[in-house]
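J.: Numbering (the numbering used here), first residue to last: 96 to 565.
For each residue, glycine too, the CB sits at the ideal point set by N, CA and C.
No experiment lies behind these values; they were computed from the predicted model shown.
1) Could you pull the DSSP bridge partners for residue 252 from this structure?
2) For residue 306, name the three-state secondary structure that DSSP assigns.
3) Is the beta carbon of residue 289 closer than 9 Å to that of residue 319?
4) Alpha carbon to alpha carbon, how far is residue 130 from residue 104?
5) According to the neighbour-count rule (16 or more other Cβ atoms, all chains shown, within 10 Å of its Cβ), is residue 402 buried or exposed?
6) Judging by CA-CA distance, which residue of 389, 135 and 352 is the nearest neighbour of residue 367?
7) Can you confirm whether the region 295-314 touches the region 268-284 when touching is taken to mean that 3 or more C-beta pairs between the two stretches lie within less than 8 Å?
8) Among 371, 106 and 469, which residue has its Cα nearest to the Cα of residue 423?
9) Give me the Cα-Cα distance between residue 528 and residue 115, rounded to the nearest whole angstrom.
10) Please state whether DSSP places residue 143 in a helix, a strand or coil.
11) State buried or exposed for residue 360, treating a residue as buried only when at least 16 other CB atoms are found within 10 Å of its CB.
12) Output the distance between the C-alpha atoms of residue 198 and residue 453, rounded to the nearest integer angstrom.
13) If contacts are defined as beta-carbon pairs under 8 Å, then residue 363 and residue 340 qualify, I think. What distance do you get, rounded to the angstrom?
14) Looking at the secondary structure, which residues open and close the beta strand (DSSP E) in which residue 225 lies?
15) Rounded to the nearest angstrom, what separates residue 211 and residue 387 at their Cα positions?
16) Which word fits residue 110, buried or exposed, when buried means at least 16 other C-beta atoms lie within 10 angstroms of its C-beta?
17) How many angstroms separate the CA atom of residue 325 from the CA atom of residue 358?
18) Cβ of residue 226 within 9 Å of Cβ of residue 273?
19) With distances taken Cα to Cα, identify the nearest neighbour of residue 436 among 277, 160 and 125.
20) What I want to know is whether the C-beta of residue 123 ends up closer than 8 Å to one or more non-hydrogen atoms of the ligand NAP.
21) Taking only the alpha-carbon atoms, compute the straight-line gap between residue 355 and residue 157 and give it to the nearest angstrom.
22) Taking the alpha carbon of residue 186 as the point to measure from, which residue in 154, 257 and 119 has its own alpha carbon closest?
23) Compare the C-alpha of residue 261 against each of 338, 279 and 348 and name the closest.
24) Determine the burial state of residue 245: buried for a count of at least 16 other Cβ atoms within 10 Å of its Cβ, exposed for fewer.
25) Along the chain, where does the beta strand (DSSP E) that runs through residue 107 open and close?
26) Exposed or buried, what is residue 293 when buried is set at 16 or more other beta-carbons lying within 10 Å of its beta-carbon?
27) In the DSSP assignment, find the alpha helix (DSSP H) that holds residue 126 and state where it starts and stops.
28) Assuming the contact rule is C-beta atoms closer than 8 Å, residue 427 and residue 444 should be a hit. Round their C-beta distance to whole Å, please.
29) The alpha helix (DSSP H) spanning residue 401 covers which residue range?
30) Comparing C-alpha positions only, which one of 120, 247 and 134 sits nearest to residue 265?
31) Nearest CA to the CA of residue 400: which residue from 412, 353, 417 and 430?
32) In whole angstroms, give me the CA-to-CA distance for residue 102 and residue 138.
33) Check whether the Cβ atoms of residue 206 and residue 322 sit closer than 9 Å, and answer yes or no.
34) Are the C-beta of residue 280 and some C-beta of chain C separated by less than 9 Å?
35) So residue 209 and residue 470 are in contact, right, with Cβ under 8 Å, and what is the actual spacing, rounded?
36) Here's a check: name, in chain order, each residue in its chain whose Cβ is nearer than 7 Å to the Cβ of residue 482, leaving out the five neighbours to either side.
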């Protein structure tokens with residue numbers, strides 16, 4: 096009989112720890128590294144984080160007008176006990192951005208999903224320019240070139256989609272490319288290519304290409320309900336003098352295209368409609384410009400797939416200086432940018448405007464949801480931007496040194512002896528302590544119920560419901 100805790104017990108404990116702590120623990124011994132690097136554990140850690148998180152984290156990208164190729168990424172956490180603005184300077188963490196665009200502009204953010212940010216150097220048409228980046232573990236993956244490029248295809252435009260295939264536990268990038276006809280119009284159907292992180296390759300499936308056009312000038316997508324969405328049009332249906340607008344959806348699990356109807360009043364105004372996500376629901380922004388009007392309406396699909404469930408939630412008056420909306424906050428606020436590049440929040444209930452004291456290039460702001468994860472931790476072709484164990488102060492540096500010392504010392508033993516003689520480590524992280532130790536005898540384990548010894552391992556953790564995990 097083994098004297099150490101089973102792997103599934105360690106995995107259950109580790110799912111409750113933050114990414115930074117897991118990176119430290121991973122360096123302790125081969126067992127811990129094996130557990131934390133396992134794709135099944137990484138998926139379980141993501142689900143646990145999503146289900147138990149009581150806060151919401153946003154990442155903000157902005158560019159300074161004079162340094163357009165220098166991209167700045169900041170993290171802000173919005174929690175229920177946060178009394179001040181989410182954009183308070185004390186609630187800010189800067190991410191190290193290790194990339195430089197080949198074009199003379201900046202990367203475009205396709206989307207963020209489960210800790211991965213999909214970047215596209217969309218002005219570099221001769222190469223793919225697509226990167227999957229996990230800033231919390233400082234790893235990234237350069238995608239290989241797709242089949243359709245300007246060299247192989249001539250003049251064309253394309254749109255990208257990115258999201259998570261829950262059915263197959265896979266992350267996918269879909270690329271929809273439209274060749275230009277002699278009239279300059281996009282030829283339909285397009286060429287479709289799909290990149291799978293599991294297979295590390297692109298594949299084409301032209302038989303399932305959609306009979307719709309997609310407006311590429313917005314470069315926006317929305318990942319909702321397992322599908323990516325773009326605003327497009329049906330060239331075969333004309334209302335008035337315009338093709339009928341609609342939403343083109345691509346299901347990442349079933350790998351099929353389908354259409355989602357816009358609000359009927361917006362079908363002839365699709366050029367002024369932008370796709371987005373409103374707290375997990377599919378939404379669109381409709382900009383209504385005129386001689387004496389400048390408004391943006393926020394529409395939300397309350398029940399996914401039902402055209403009758405579209406509801407106009409708010410209308411934002413842009414005449415006060417706002418140029419466009421770029422995100423939403425929990426407390427009925429939207430984030431917008433002024434025509435002079437100032438970042439503001441707008442209270443949808445009181446119409447109050449708050450200056451967030453950030454200034455940048457008008458087209459260089461992006462706001463998206465973010466969560467830390469371990470995705471790409473063991474990617475074969477991923478590049479490590481920096482050592483996994485990072486240090487921010489003397490205490491963290493000392494902890495990292497101790498962890499390396501333990502790892503080196505225990506390398507002298509075989510796995511079983513290493514586990515039996517393992518010493519207790521203390522890792523401080525986010526105002527709680529994780530006490531990890533091995534060497535419990537079978538009698539000691541049997542004398543304690545699961546809640547008692549889990550509390551001993553992690554004294555300040557909430558153990559409610561932990562028994563169900565093992």
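T.: On the basis of the supplied data:
1) Numbered from 1 along the chain shown, position 157 holds the residue referred to as residue 252. DSSP, once it has assigned bridges, lists 273 as partnering residue 252.
2) Sequence index remark: in the chain shown, residue 306 carries index 211 (1-based). Residue 306 falls in the coil class under three-state DSSP.
3) For the purposes of this step, residue 319 is taken as residue 224 along the chain shown, with counting starting at 1. For the purposes of this step, residue 289 is taken as residue 194 along the chain shown, with counting starting at 1. It is not a contact, given that the beta carbons lie outside the stated cut-off.
4) Sequence index remark: in the chain shown, residue 130 carries index 35 (1-based). Sequence index remark: in the chain shown, residue 104 carries index 9 (1-based). One C-alpha to the other measures close to 10 Å.
5) In the chain shown, the residue the question calls residue 402 occupies position 307. Answer is exposed; the Cβ neighbour count stays below 16.
6) The residue given as residue 367 occupies position 272 in the chain shown. In this structure, 389 is the residue among 389, 135 and 352 with its C-alpha nearest to the C-alpha of residue 367.
7) yes
8) Mapped onto the chain shown, residue 423 falls at position 328. In this structure, 371 is the residue among 371, 106 and 469 with its C-alpha nearest to the C-alpha of residue 423.
9) Counted from its first residue, the chain shown places residue 528 at position 433. Counted from its first residue, the chain shown places residue 115 at position 20. Low per-residue confidence applies at residue 528: pLDDT is 29, beneath 50, and the placement is therefore not dependable, though the value from the model is reported in the following sentence. For residue 528 and residue 115, the distance between alpha carbons rounds to 13 Å.
10) Indexing the chain shown from 1 puts residue 143 at position 48. Note: residue 143 maps to helix in three-state DSSP.
11) Here residue 360 corresponds to residue number 265 of the chain shown, with the count starting at 1. Exposed: under 16 other Cβ atoms inside 10 Å.
12) Sequence index remark: in the chain shown, residue 198 carries index 103 (1-based). Sequence index remark: in the chain shown, residue 453 carries index 358 (1-based). Rounded to the nearest angstrom, the two C-alpha atoms are 25 Å apart.
13) Within the chain shown, residue 363 is the residue found at index 268, counting from 1. Within the chain shown, residue 340 is the residue found at index 245, counting from 1. Their Cβ separation, rounded to whole angstroms, is 7 Å, which keeps residue 363 and residue 340 in contact under 8 Å.
14) Counting from 1 along the chain shown, the entry for residue 225 is found at position 130. From DSSP, the beta strand (DSSP E) with residue 225 extends over 225-229.
15) On the chain shown, position 116 is the one that residue 211 refers to. On the chain shown, position 292 is the one that residue 387 refers to. Rounded to whole angstroms, residue 211 to residue 387 spans 42 Å at the Cα level.
16) Within the chain shown, numbered from 1, the residue matching residue 110 stands at position 15. Residue environment analysis places residue 110 among the buried positions, since at least 16 neighbouring C-beta atoms fall within 10 angstroms of its C-beta.
17) Taking the chain shown and counting its residues from 1, one reaches residue 325 at position 230. Taking the chain shown and counting its residues from 1, one reaches residue 358 at position 263. Looking at the two C-alpha atoms, the distance is approximately 15 Å.
18) Here residue 226 corresponds to residue number 131 of the chain shown, with the count starting at 1. Here residue 273 corresponds to residue number 178 of the chain shown, with the count starting at 1. The answer is no: Cβ separation not under 9 Å.
19) Residue 436 sits at position 341 when you count from the first residue of the chain shown. Of the candidates 277, 160 and 125, the one whose C-alpha sits nearest the C-alpha of residue 436 is 160.
20) No copy of the ligand NAP occurs in the structure displayed, which carries no ligand at all.
21) Residue mapping note: residue 355 aligns to position 260 of the chain shown, counting from 1. Residue mapping note: residue 157 aligns to position 62 of the chain shown, counting from 1. Whole-angstrom Cα-Cα distance: 32 Å.
22) Against the chain shown, residue 186 aligns to sequence position 91. That would be 154, whose Cα lies nearest to the Cα of residue 186.
23) Mapped onto the chain shown, residue 261 falls at position 166. Looking at the Cα atoms, 348 is the closest of the given residues.
24) To locate residue 245, count along the chain shown from 1; it is residue 150. A residue is called buried when at least 16 other Cβ atoms come within 10 angstroms of its Cβ; residue 245 does not meet this threshold and is exposed.
25) Reading the chain shown from its first residue, position 12 is the one you call residue 107. Per DSSP, residue 107 belongs to no beta strand (DSSP E); it is in the alpha helix (DSSP H), 102-109.
26) Your numbering for residue 293 matches position 198 in the chain shown. Under this definition residue 293 is an exposed residue.
27) Within the chain shown, numbered from 1, the residue matching residue 126 stands at position 31. Note, residue 126: alpha helix (DSSP H), 125-132.
28) As a first step, residue 427 is located in the chain shown; it is residue number 332 there, counting from the start. As a first step, residue 444 is located in the chain shown; it is residue number 349 there, counting from the start. About 5 Å; that satisfies the 8 Å criterion.
29) The residue you call residue 401 lines up with position 306 of the chain shown. In this chain, residue 401 is not harboured by any alpha helix (DSSP H), its DSSP state being neither H nor E.
30) Taking the chain shown and counting its residues from 1, the one referred to as residue 265 is at position 170. Of the candidates 120, 247 and 134, the one whose C-alpha sits nearest the C-alpha of residue 265 is 134.
31) Stepping through the chain shown from its first residue, residue 400 is reached at position 305. For residue 400, the nearest C-alpha among the options comes from 353.
32) Translated into positions along the chain shown, residue 102 becomes position 7. Translated into positions along the chain shown, residue 138 becomes position 43. Going from the Cα of residue 102 to the Cα of residue 138 covers about 16 Å.
33) For the purposes of this step, residue 206 is taken as residue 111 along the chain shown, with counting starting at 1. For the purposes of this step, residue 322 is taken as residue 227 along the chain shown, with counting starting at 1. Contact: no.
34) Absence of chain C from the displayed structure is noted, only one protein chain being present.
35) Walking along the chain shown from the start, residue 209 turns up at place 114. Walking along the chain shown from the start, residue 470 turns up at place 375. Right, their Cβ atoms sit about 6 Å apart.
36) Taking the first residue of the chain shown as 1, we reach residue 482 at position 387. With a pLDDT of 31 at residue 482, under the threshold of 50, the predicted position of this residue should be treated as unreliable, though the coordinate-derived value follows. If we look at residue 482 and ignore the five residues flanking it on each side, it has no Cβ neighbours.
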